[in-house]
Structures are given as C-alpha cells and as structure tokens.
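Residue numbers (the working numbering): 81 to 140. Notes for the one structure printed next.
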Amino acid sequence: MVTMICGCCGSKNVRRDAFAEWSEEYQCWELAELYDDSHCHDCGEQVAIEEIEIQMGASM
Ligand SMILES: [Zn+2]
C-alpha cells in the first residue's frame, strides 16, 4: 500500500486537480481525468506530491 504526502511539509492533507463526470450507472461523480496540479492545505499552495509506502500493521 502507498499514500500520498506533500513533498514540502509531509502532510497527507493534499489534493489533486481533476475533472469528474456524472455516472448514470453508479449515480455518483466519477473521476474522469487527473491533472498534475497538486495542492497542500497545510502549506496553502501548490506543491509536489510524493508517494510513500505504508507499513501494514503499524500503529497509528
Ligand atoms: Zn505541505
């Protein structure tokens, strides 16, 4: 398993820019396209997102 963190401060409070499309089949918004623009809510600005491994069974 992996998770995404802010490359600047290490926060998991990060978002990616994306388009969502309405799915009649599932009756919810589905991600249609994912963009490279990433935003960290802790830094309050655009950042690079890093992918890190999650240790299974590690206590939070
Ligand atoms: Zn950050």
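Every residue gets a Cβ at the ideal spot worked out from N, C-alpha and C, and that includes glycine.
field: Three-way DSSP call (helix, strand, coil) for Ile134 in this model
entry: coil
- prompt: Ser103: beta carbon under 8 Å from a heavy atom of ligand 3?
  reply: Within the structure as shown, ligand 3 is missing, the only ligands being ligand 1.
- request: Output the distance between the C-alpha atoms of Val82 and His121, rounded to the nearest integer angstrom.
  value: 20 Å
message: Quick check on Asp101: does DSSP put it in helix, strand or coil?
response: What sits at residue 101 in the sequence shown is Glu, not Asp. The answer is strand: DSSP assigns Glu101 an E or B state.
message: DSSP three-state label for Met84, please.
response: strand
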